[in-house]
Amino acid sequence: MGIARQSSAFLSDKQSDDYIALKSKILTRDDHTCQCCGFRSEKYQELLNISEGPSPKDEDIITTCLFCYQCFYLDEVSRMRSGILLWLPEIEQADLNHIARALYVARISQGPMADTSKKILDTLMTRRADVRERLGTDDPGV
40 MGIARQSSAF
50 LSDKQSDDYI
60 ALKSKILTRD
70 DHTCQCCGFR
80 SEKYQELLNI
90 SEGPSPKDED
100 IITTCLFCYQ
110 CFYLDEVSRM
120 RSGILLWLPE
130 IEQADLNHIA
140 RALYVARISQ
150 GPMADTSKKI
160 LDTLMTRRAD
170 VRERLGTDDP
180 GV
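First residue of the sequence shown: 40, per this note's numbering; consecutive thereafter.
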């Protein structure tokens with residue numbers, strides 16, 4: 040039942056000079072803005088090949104934030120244990136990613152903001168049960 044995408048070999052070698060140059064070019068073109076949710080940052084962005092081809096053209100590659108990027112590689116999310124499936128049809132994925140980003144920032148702070156973010160996260164986690172009921176699991180890699 041899992042969803043997996045093939046990474047192009049070119050985009051998987053993130054240490055190569057060619058990749059670094061391409062990433063700079065695409066991030067500049069996209070104004071360091073995730074093309075899925077609109078989050079702008081000069082850090083925490085990835086390149087996504089939307090063509091699925093092995094040798095993508097520049098127009099086939101978009102900037103995505105780390106949260107949106109993971110939506111396209113659920114098998115990696117499972118392997119890295121960086122996320123789970125939630126049943127939240129009332130919230131758009133982009134909005135959920137903004138909420139998750141804000142919760143992450145709040146959780147690393149100290150005091151009441153961190154405490155509140157933990158309570159919100161605990162509430163969101165209760166929505167795992169709905170996915171388990173529908174799919175039999177909340178593991179995105181299954």
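Backbone N, C-alpha and C fix where the C-beta goes; we use that ideal spot for every residue, glycine too.
For residue 115, the enclosing alpha helix (DSSP H) has its first and last residue at 113-119. Fewer than three Cβ pairs drawn from the segment 132-148 and the segment 165-180 lie within less than 8 Å of each other, which leaves the two stretches out of contact. Here residue 144 is exposed: its Cβ has fewer than 16 other Cβ atoms, across all protein chains shown, within 10 Å.
When DSSP reads this structure, residue 86 sits in a beta bridge with 102.
Here residue 146 has 153 and 156 as same chain residues with Cβ atoms under 6 Å from its own Cβ, once five neighbours each way along the sequence are excluded.
Here the alpha carbon of residue 89 sits roughly 18 Å from the alpha carbon of residue 70. Contact between residue 163 and residue 105 does not hold, since the beta-carbon distance rounds to 18 Å and is not under 8 Å. Counting along the chain, the unbroken alpha helix (DSSP H) around residue 151 starts and ends at 151-164. Assigned with DSSP and collapsed to three states, residue 176 falls in coil, not helix or strand.
Residue nearest to residue 86 within the set 140, 102, 93 and 169 is 102 (criterion: CA-CA distance).
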